[in-house]
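Residue numbers (the numbering used here), protein chains in the order written: chain A, 930 to 1145; chain B, 930 to 1145. Here a beta-carbon is modelled for each residue, glycine too, at the ideal position from N, C-alpha and C. Written below as structure tokens is the structure these notes are about.
Protein chains: 2
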Amino acid sequence: MEKNIAPHSKVRVSKRAHYDAETVHDILDKGLVAHVGFVLDERPMVIPMAYARDGDIIYIHGAKAARIIKKNKDVAACLTVTHIDGLVVARSAFHHSVNYRSVVVHGRLRDVTDPAEKERALILVTNHLLPGRWDEVRPMTKKEFNATGVLALEIESASAKIRTGAPVDDEEDYALPIWAGVLTAEQSLGGVVNDDRNIVSELPASIALARQKFNP
Amino acid sequence: MEKNIAPHSKVRVSKRAHYDAETVHDILDKGLVAHVGFVLDERPMVIPMAYARDGDIIYIHGAKAARIIKKNKDVAACLTVTHIDGLVVARSAFHHSVNYRSVVVHGRLRDVTDPAEKERALILVTNHLLPGRWDEVRPMTKKEFNATGVLALEIESASAKIRTGAPVDDEEDYALPIWAGVLTAEQSLGGVVNDDRNIVSELPASIALARQKFNP
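Written as structure tokens, this is what we have:
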């Protein structure tokens, strides 16, 4: 994997740049949603999508009729996953910032037509958000399988950016009577809302596994 | 405002599409970060950025030396804000979904050079995350002002997509002994981490206002 994680271009503030595969994978694997960018009718387009990673490949899926699936079978794309960890509250507006972890992936989208790869991708995307869910549900029908489009983004380059910790103020500003620090932020999975028509009440294992995977 | 909120193109599943200004503004105003897409060196690029809305304009800012500021002074851009509200756990993999609210804005970036507009934009971006913070901090110096670049995205079109509620399963699947429902998700601001070098301990008003603004 490491050989493919070559940065497309340098991140300007180099102390925030991380290019090792472990860091990149961890940020990708803990994301609920990715923002996928591509050029459609000569306009940049950014769409939030479910996804899953399999080694060097990221899979996205959608209805075959959806524009993003239909029109992007062989185009350049950029996929970004961001976690917001806190608001950095400094003594000057200039030094305000955000604590975050993000990964920007560049690659080319490829239509997944091989049935075995397509099924594996659908399992991965389902299990990315709810680990093990694929085996808990009613099996996918041929009709559903055929109505679903899967695109693979082969990672050509990926770079992570991470900011953590306290604000960094100008030395003379530390003497000012202005409160500074970090206001923490987190995305988390919480309680469940039972479907009115449930005939079973016990929660499936995937719910606890999802909380374990995504919650801080 | 309404006249400008014309959809760039129809959202495929029309029951999820909302084009009224109030819905679009609410989703934009409650976002911590936007994913901004543009074409750089012929490649699509998606970057998470702080932002603020002022009527029909969305401002983003960054160091003048940053590529996104330097190279995008007159280009098409797409700005997307997404809130994830829950994982929709259905009885079949096919009907799994995500509850979310998102806005996709299309427009053109314009370099903000007028000092009055630029200052207003910097105040708005600071106060977007921490309401009232601009007046709590040490005033911005001329040097800081000059080192900061501000871009305005004039909203040409904006569309919101919202999914809420329970899974929608195939009628015959409701008889299956498979749990279904929604696993709720939320982004929230939590506790504060005091800066080690604080000489005051009382939290500023902006902290409580930020929690009030962004927490469910």
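Using alpha carbons as the reference points, say which of A:1114, A:1094 and A:980 lies closest to residue 1024 of chain A.
Counting from one through the first sequence, the residue named residue 1024 of chain A turns up at place 95. Measuring from the Cα of residue 1024 of chain A, the nearest candidate turns out to be A:1094.
Compare the Cα-Cα distances from residue 1124 of chain B to each of B:1117, B:1132 and B:957 and report the closest residue.
One-based indexing of the second sequence puts residue 1124 of chain B at position 195. Relative to the Cα of residue 1124 of chain B, the nearest Cα in the group B:1117, B:1132 and B:957 belongs to B:1132.
Cα-Cα separation, residue 1026 of chain B to residue 1121 of chain B:
Here residue 1026 of chain B is taken as the residue at index 97 of the second sequence, counted from 1. Here residue 1121 of chain B is taken as the residue at index 192 of the second sequence, counted from 1. Residue 1026 of chain B and residue 1121 of chain B have their C-alpha atoms spaced approximately 34 Å apart.
Whether or not the segment 1068 to 1082 of chain B and the segment 979 to 991 of chain B are in contact is what I'm after, with contact meaning three or more pairs of Cβ atoms, one per stretch, closer than 8 Å; do they touch?
Contact holds: three or more Cβ-Cβ distances are below 8 Å.
What's the C-alpha gap between residue 1072 of chain B and residue 1112 of chain A?
What you label residue 1072 of chain B is simply residue 143 of the second sequence in a count that begins at 1. What you label residue 1112 of chain A is simply residue 183 of the first sequence in a count that begins at 1. Looking at the backbone, the Cα of residue 1072 of chain B and that of residue 1112 of chain A are separated by about 27 Å.
Taking Cβ positions only, does residue 1075 of chain B come closer than 9 Å to chain A?
The count along the second sequence starts at 1 and reaches residue 1075 of chain B at position 146. So, not an interface residue.
Continuous beta strand (DSSP E) stretch holding residue 1040 of chain A: start and end:
Taking the first residue of the first sequence as position 1, residue 1040 of chain A is located at position 111. Its beta strand (DSSP E) spans residues 1026 to 1040.
Sheet register partners of residue 1090 of chain A (DSSP bridge)
Within the first sequence, numbered from 1, the residue matching residue 1090 of chain A stands at position 161. Note: residue 1090 of chain A sits in a beta bridge opposite A:946 and A:1031.
Reference residue 993 of chain B; option with closest CA among B:1041, B:1091 and B:1053:
Position 64 of the second sequence, counted from the start, is the residue given in the question as residue 993 of chain B. Checking every option, the nearest Cα to that of residue 993 of chain B belongs to B:1041.
Between the Cα of residue 1129 of chain A and the Cα atoms of B:1103, B:980 and B:1045, which residue gives the shortest distance?
Your numbering for residue 1129 of chain A matches position 200 in the first sequence. Comparing Cα positions, the closest option is B:1103.
Taking residue 1106 of chain A as the query, report the chain B residues whose CB atoms sit under 7 Å from its CB, ordered along the chain.
The sequence position of residue 1106 of chain A within the first sequence is 177, counting from 1. Correct list: 1128 and 1129.
Bridge partners for residue 978 of chain B per DSSP, in chain order?
Numbered from 1 along the second sequence, position 49 holds the residue referred to as residue 978 of chain B. For residue 978 of chain B, the beta-bridge partners assigned by DSSP are B:963.
How would you label residue 1064 of chain A, buried or exposed, when you count the other beta carbons within 10 angstroms and need 16 or more for buried?
What you label residue 1064 of chain A is simply residue 135 of the first sequence in a count that begins at 1. By the neighbour-count rule (16 or more Cβ atoms within 10 Å), residue 1064 of chain A is not buried but exposed.
Could you check what DSSP says for residue 930 of chain B in three-state terms: helix, strand or coil?
Here residue 930 of chain B corresponds to residue number 1 of the second sequence, with the count starting at 1. Its pLDDT being 29, under 50, residue 930 of chain B is placed unreliably by the model, and the measurement read from it follows with that caveat. Residue 930 of chain B falls in the coil class under three-state DSSP.
Below 7 Å on C-beta distance, what does residue 1112 of chain A contact in chain B?
If you number the first sequence from 1, residue 1112 of chain A lands on position 183. Below the 7 Å Cβ cutoff, chain B contributes 1118, 1121, 1136 and 1139 as neighbours of residue 1112 of chain A, in chain order.
Taking all protein chains shown into account, do 16 or more other C-beta atoms lie within 10 angstroms of the C-beta of residue 932 of chain B, making it buried, or fewer, making it exposed?
As a working note, residue 932 of chain B is residue 3 in the second sequence. Confidence in residue 932 of chain B is poor, its pLDDT being 33 and thus under 50, which makes the residue's placement unreliable; the coordinate value appears in the next sentence. It counts as exposed.
Chain A contact for residue 973 of chain B (CB, 9 Å cutoff):
Along the second sequence, read from residue 1 onward, the residue named residue 973 of chain B stands at position 44. Residue 973 of chain B counts as touching chain A.
Name the chain A residues that come within less than 8 Å of residue 1055 of chain B, Cβ to Cβ?
Counted from its first residue, the second sequence places residue 1055 of chain B at position 126. Correct list: 1022 and 1025.
Counting only the same chain and skipping the five closest in sequence on each side, list residues whose C-beta sits under 7 Å from that of residue 930 of chain A.
Position 1 of the first sequence, counted from the first residue, corresponds to residue 930 of chain A. Note that residue 930 of chain A scores 29 on pLDDT, short of 50, meaning its location in the model is unreliable and no value can be drawn from it.
Give a yes or no on whether 9 Å exceeds the smallest Cβ distance from residue 1080 of chain B to chain A.
Sequence index remark: in the second sequence, residue 1080 of chain B carries index 151 (1-based). No, residue 1080 of chain B lies away from the interface with chain A (no Cβ there is under 9 Å from its Cβ).
So, using beta-carbon positions, are residue 946 of chain B and residue 1089 of chain B closer together than 9 Å?
Sequence index remark: in the second sequence, residue 946 of chain B carries index 17 (1-based). Sequence index remark: in the second sequence, residue 1089 of chain B carries index 160 (1-based). Cβ distance < 9 Å, so residue 946 of chain B and residue 1089 of chain B count as in contact.
Determine the DSSP secondary structure at residue 1067 of chain A, reduced to helix, strand or coil.
Residue numbering aside, residue 1067 of chain A sits at position 138 when the first sequence is read from its first letter. In the structure shown, residue 1067 of chain A sits in a strand (DSSP, three-state: E or B).
Verify the CB distance criterion: does residue 928 of chain B have a CB-CB separation below 9 Å to chain A?
There is no way to answer for residue 928 of chain B, as the model of chain B reaches only from 930 to 1145.
Would you check if the segment 955 to 970 of chain A and the segment 1039 to 1053 of chain A touch, i.e. whether three or more CB-CB distances between them fall below 8 Å?
No, the segment 1039 to 1053 of chain A does not touch the segment 955 to 970 of chain A.
Taking the alpha carbon of residue 1008 of chain B as the point to measure from, which residue in B:1015, B:1083, B:1018 and B:1055 has its own alpha carbon closest?
Reading the second sequence from its first residue, position 79 is the one you call residue 1008 of chain B. Out of B:1015, B:1083, B:1018 and B:1055, B:1083 has the C-alpha closest to the C-alpha of residue 1008 of chain B.
So residue 1061 of chain A contacts chain B; which residues on that side make the cut at Cβ distance below 9 Å?
Mapped onto the first sequence, residue 1061 of chain A falls at position 132. Neighbours of residue 1061 of chain A on chain B: none; closest Cβ ~12 Å, over 9 Å.
I want to see whether chain B comes within less than 9 Å of residue 1084 of chain A, judged by CB atoms only; does it?
Locating residue 1084 of chain A in the first sequence gives position 155, counting from the first residue. Interface residue (Cβ-Cβ distance to chain B less than 9 Å): residue 1084 of chain A is not classified as such.
Among the candidates A:1051, A:1021 and A:1012, whose CA atom is the shortest distance from the CA of residue 1032 of chain A?
The sequence position of residue 1032 of chain A within the first sequence is 103, counting from 1. Comparing Cα-Cα distances from residue 1032 of chain A to each of A:1051, A:1021 and A:1012, the minimum goes to A:1012.
Which residue comes first and which comes last in the beta strand (DSSP E) that contains residue 1114 of chain B?
Here residue 1114 of chain B refers to the residue found at position 185 when the second sequence is read from its first residue. Where residue 1114 of chain B is concerned, the enclosing beta strand (DSSP E) stretches over 1110 to 1123.
Below 6 Å CB to CB, which residues in the same chain sit around residue 981 of chain A once its five sequence neighbours on both sides are set aside?
Taking the first sequence and counting its residues from 1, the one referred to as residue 981 of chain A is at position 52. Same-chain partners within the cutoff: 988, 1053, 1054 and 1057.
By Cβ distance, which residues of its chain are closer than 7 Å to residue 973 of chain A, with the 5 residues on each side in sequence left out?
On the first sequence, position 44 is the one that residue 973 of chain A refers to. Contacts found: 966.
Whole angstroms is fine: what's the gap from residue 1051 of chain B's alpha carbon to residue 998 of chain B's?
Counted from its first residue, the second sequence places residue 1051 of chain B at position 122. Counted from its first residue, the second sequence places residue 998 of chain B at position 69. One C-alpha to the other measures close to 14 Å.
Run through DSSP, which three-state label would residue 1020 of chain A get?
By 1-based counting over the first sequence, the position of residue 1020 of chain A is 91. Residue 1020 of chain A falls in the coil class under three-state DSSP.
Among B:1075, B:1091, B:1119 and B:1106, which one has its Cα closest to the Cα of residue 1110 of chain A?
To locate residue 1110 of chain A, count along the first sequence from 1; it is residue 181. Looking at the Cα atoms, B:1119 is the closest of the given residues.
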